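Novice: Numbered according to this note's numbering, the sequence shown terminates at residue 418, and the numbering increases by one at each position without gaps.
Where is the CB? At the ideal position from N, CA and C, for every residue including glycine.
All figures in this text were calculated on a predicted structure; none of them were measured in a lab.
One structure coming up, written as structure tokens, with questions to follow.
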Amino acid sequence: MTTDDDRVGDRDVDAVRPLDQLAAAAHGAAPAHGSGIARHRVPFRAGGRRTAFAVGALVVAAGVVAASTTTATGDGADPSGVSMPTSDGSGWNRVFSEDFDDSTPTGGFEADYADRFSVYHGFADTAGTGRYQSSALTAHDGMLDMRLRTTKGGTPLAGGIVPLVDGRWGGQTAGRYSIRMKSDEVDGYGVAVLLWSDENVWSDGEIDFPEGALGAPASLNVHCLEDPAEKCVQYETAASLADWHTYTIEWTPARMSFLVDDAVVATTTQSIPTSRMHLVVQAGSNAGHPPRSAAGSLLIDWMTIDVPVDGAEPQATLPSGGRPVPDDGTWTADTSGN
């Protein structure tokens with residue numbers, strides 16, 4: 081088996097056939113991305129906007145469900161030492177879960193997981209200096225490995241995935257999204273786990289958590305609905321992306337909460353999206369070109385998506401210990417007096 085970073089089978093990853101300017105949008109990527117080869121393309125309306133798939137929530141009978149928690153296994157069976165939760169939590173229903181138990185050939189993630197993920201391929205990353213390539217993704221040892229590096233041809237590689245709920249592309253209007261991950265410290269590269277508009281409209285909202293340079297502290301960024309170039313909530317957590325942590329976004333119509341290892345680090349009533357949004361995990365170059373010698377991995381142990389049970393209105397988690405939280409506004413773990 082060839083493991084040359086510059087090749088996929090017999091094809092040089094730098095020799096990518098351009099398709100059209102809308103290919104990135106077909107993945108749910110931001111419109112600033114360039115052309116490329118699209119996977120899981122969705123229909124387009126006149127004027128270039130996409131018709132989003134209506135992914136209906138898989139519902140179960142409403143009832144009391146044990147709270148979702150992530151607990152250490154203690155036996156090393158899970159790569160990160162914490163198993164994927166099997167319960168969805170009160171008022172929530174699990175519609176997607178993946179723990180990457182099925183290993184793939186090097187660079188072969190897209191082919192083997194095609195019914196579970198849309199994979200970014202063949203267009204520029206957010207910084208514009210790297211290129212998303214499916215060859216950067218491999219499943220092994222119960223993890224998804226996004227291997228970031230510069231090809232021999234000088235192109236920084238990036239990786240991106242969108243979970244497919246029930247095998248179909250499309251997002252939700254509320255949800256609970258958890259991911260357990262860690263990264264190497266790779267100079268010039270970063271990661272964003274985000275909720276992004278199904279209609280590819282920035283003013284629909286953008287929720288980034290976690291986000292940051294690989295190996296750096298994990299940050300939260302909530303972009304303002306009225307002016308998405310601005311951030312209404314910014315917070316740097318004490319969690320390092322270099323260590324295993326479980327990150328959770330809880331999105332309800334009234335409030336969003338953000339958790340690290342089941343502890344609330346921020347909660348807000350500001351700039352809550354009302355449009356259909358989907359989860360994206362993307363890692364690539366930061367501003368400028370990474371050093372050619374920089375190489376390392378973003379590792380994902382597992383991911384889950386829950387939606388509200390039909391007829392239920394689950395509440396976003398509030399900080400423990402009875403700490404005061406404003407009815408309107410934002411609370412973070414370092415809020416004065418808490």
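(1) For the beta strand (DSSP E) that residue 225 lies in, which residues bound it at each end?
(2) Give the single residue among 333, 218 and 300 whose Cα lies nearest to the Cα of residue 327.
(3) Helix, strand or coil: how does DSSP classify residue 163 here?
(4) For the alpha helix (DSSP H) that contains residue 288, what are its first and last residues?
(5) Of the residues 165, 330 and 183, which one's Cα is nearest the Cα of residue 487?
(6) Is it true that the CB of residue 333 sits closer than 9 angstroms to the CB of residue 441?
(7) Just mark residue 238 as buried or exposed, buried being the case when its beta carbon has 16 or more other beta carbons within 10 Å.
(8) For a test of the three-state rule: what should DSSP assign to residue 296, helix, strand or coil?
(9) Nearest to residue 384 by CA position, among 192, 188 and 196, is which residue?
(10) Is the beta carbon of residue 265 sitting closer than 9 angstroms to the one on residue 292?
(11) How long is the line joining the alpha carbons of residue 282 and residue 397, rounded to whole angstroms?
(12) Roughly how many angstroms lie between the CA atoms of residue 303 and residue 181, to the nearest whole one?
(13) How do the stretch 306–323 and the stretch 203–220 stand: do at least 3 beta-carbon pairs fall below 8 angstroms, yes or no?
(14) Measure the C-alpha to C-alpha separation of residue 137 and residue 284 and round it to an integer number of angstroms.
(15) What distance in whole Å lies between the Cβ atoms of residue 357 and residue 277, which are believed to be in contact at a cut-off of 8 angstroms?
(16) For the stretch 321–386, which segments carrying the beta strand (DSSP E) assignment without a break, of at least 3 residues, lie completely within its bounds, in sequence order?
(17) Could you give the distance in angstroms between the alpha-carbon of residue 395 and the alpha-carbon of residue 233?
(18) Output needed for residue 174: all residues of its chain with C-beta closer than 7 angstroms, excluding positions within five of it in sequence on either side, in chain order.
(19) Starting from residue 191 and walking both ways along the beta strand (DSSP E), at which residues does that stretch end?
(20) Less than 9 angstroms between CB atoms is the rule here; does residue 411 satisfy it with respect to chain B?
(21) Under the assumption that residue 337 contacts residue 349 (Cβ atoms under 8 angstroms), give the Cβ distance between them as a whole number of angstroms.
(22) In three-state DSSP terms, what is residue 398?
(23) So the beta strand (DSSP E) residue 262 belongs to, where does it begin and stop?
(24) Could you say which of 342, 242, 412 and 361 lies nearest to residue 315 if we only look at CA atoms?
(25) Residues in the same chain with beta-carbon distance under 6 angstroms from residue 378, minus the five sequence neighbours each way, listed in chain order, please.
(26) According to DSSP, which residues form a beta bridge with residue 173?
(27) Going by the CB atoms, is the gap between residue 217 and residue 187 shorter than 9 angstroms?
(28) Among the candidates 381, 335, 359 and 361, whose CA atom is the shortest distance from the CA of residue 422?
(29) Work out the CA separation of residue 269 and residue 144 for me, nearest whole Å.
(30) Taking buried to mean at least 16 other C-beta atoms within 10 Å of its own C-beta, is residue 247 buried or exposed?
(31) Would DSSP call residue 249 helix, strand or coil?
(32) Is the beta carbon of residue 329 less than 9 angstroms from the beta carbon of residue 256?
(33) What does residue 236 pair with, by DSSP beta-bridge criteria?
Specialist: Well, looking at it:
(1) Here the question's residue 225 lines up with position 145 in the sequence shown. 223–228 is the extent of the beta strand (DSSP E) around residue 225.
(2) Numbered from its first residue, the sequence shown carries residue 327 at position 247. Cα-wise, what sits closest to residue 327 is 300.
(3) Along the sequence shown, read from residue 1 onward, the residue named residue 163 stands at position 83. Residue 163: coil per DSSP, three-state reduction.
(4) Mapped onto the sequence shown, residue 288 falls at position 208. No alpha helix (DSSP H) holds residue 288; the beta strand (DSSP E) holding it covers 286–293.
(5) In the structure as shown, the chain begins at 81 and stops at 418. Residue 487 is therefore absent and cannot be evaluated.
(6) The first residue shown for the chain is 81 and the last is 418, placing residue 441 beyond what the model contains.
(7) Mapped onto the sequence shown, residue 238 falls at position 158. Looking at its Cβ environment, which holds 16 or more other Cβ atoms inside 10 Å, residue 238 is buried.
(8) For the purposes of this step, residue 296 is taken as residue 216 along the sequence shown, with counting starting at 1. Note: residue 296 maps to coil in three-state DSSP.
(9) The residue labelled residue 384 in the question sits at position 304 within the sequence shown. Considering only alpha carbons, the answer is 196.
(10) Sequence index remark: in the sequence shown, residue 265 carries index 185 (1-based). Sequence index remark: in the sequence shown, residue 292 carries index 212 (1-based). Not a contact, by the Cβ cut-off of 9 angstroms.
(11) Locating residue 282 in the sequence shown gives position 202, where the first residue counts as 1. Locating residue 397 in the sequence shown gives position 317, where the first residue counts as 1. If I take the Cα positions, the gap works out to 26 angstroms.
(12) To locate residue 303, count along the sequence shown from 1; it is residue 223. To locate residue 181, count along the sequence shown from 1; it is residue 101. Looking at the two C-alpha atoms, the distance is approximately 34 angstroms.
(13) no
(14) Taking the sequence shown and counting its residues from 1, one reaches residue 137 at position 57. Taking the sequence shown and counting its residues from 1, one reaches residue 284 at position 204. Since pLDDT at residue 137 reaches only 28, below the 50 mark, its modelled position is unreliable, and no value is offered.
(15) Here residue 277 is taken as the residue at index 197 of the sequence shown, counted from 1. Here residue 357 is taken as the residue at index 277 of the sequence shown, counted from 1. Confirmed, about 6 angstroms.
(16) 325–331, 336–340, 343–348 and 357–365
(17) For the purposes of this step, residue 395 is taken as residue 315 along the sequence shown, with counting starting at 1. For the purposes of this step, residue 233 is taken as residue 153 along the sequence shown, with counting starting at 1. When rounded, the distance between both Cα atoms is 50 angstroms.
(18) Start at 1 with the first residue of the sequence shown, and residue 174 comes out as number 94. 168, 384 and 386.
(19) Translated into the one-based positions of the sequence shown, residue 191 becomes position 111. Looking at the DSSP string, residue 191 is not in any beta strand (DSSP E); the run it does join, the alpha helix (DSSP H), is 189–192.
(20) The question asks about chain B, but that chain is absent: this structure has only one protein chain.
(21) Here residue 337 refers to the residue found at position 257 when the sequence shown is read from its first residue. Here residue 349 refers to the residue found at position 269 when the sequence shown is read from its first residue. So it is not a contact: roughly 10 angstroms between Cβ atoms.
(22) Counting from one through the sequence shown, the residue named residue 398 turns up at place 318. Note: residue 398 maps to coil in three-state DSSP.
(23) Here residue 262 corresponds to residue number 182 of the sequence shown, with the count starting at 1. Start and end: 255–263.
(24) Residue numbering aside, residue 315 sits at position 235 when the sequence shown is read from its first letter. Of the listed residues, the one whose Cα sits closest to residue 315 is 412.
(25) Locating residue 378 in the sequence shown gives position 298, counting from the first residue. Counting only residues of its own chain and dropping the five nearest sequence neighbours on each side, residue 378 has a CB closer than 6 angstroms to the CB of 226, 263, 271 and 363.
(26) On the sequence shown, position 93 is the one that residue 173 refers to. Partner(s): 387.
(27) Here the question's residue 187 lines up with position 107 in the sequence shown. Here the question's residue 217 lines up with position 137 in the sequence shown. With contacts defined as CB atoms closer than 9 angstroms, residue 187 and residue 217 qualify as a contacting pair.
(28) Because the chain is modelled from 81 through 418, residue 422 falls outside the range shown and cannot be assessed.
(29) One-based indexing of the sequence shown puts residue 144 at position 64. One-based indexing of the sequence shown puts residue 269 at position 189. Confidence at residue 144 is low in this model, with a pLDDT of 27, below 50, so the placement of that residue is unreliable and no value is reported for it.
(30) Looking up residue 247 in the sequence shown gives position 167. The residue in question, residue 247, is exposed, as its Cβ has fewer than 16 Cβ neighbours within 10 Å.
(31) As a first step, residue 249 must be located in the sequence shown, where it is residue number 169. Here residue 249 sits in coil by DSSP.
(32) Start at 1 with the first residue of the sequence shown, and residue 329 comes out as number 249. Start at 1 with the first residue of the sequence shown, and residue 256 comes out as number 176. Yes. Within cutoff.
(33) Position 156 of the sequence shown, counted from the first residue, corresponds to residue 236. Partner(s): 230.
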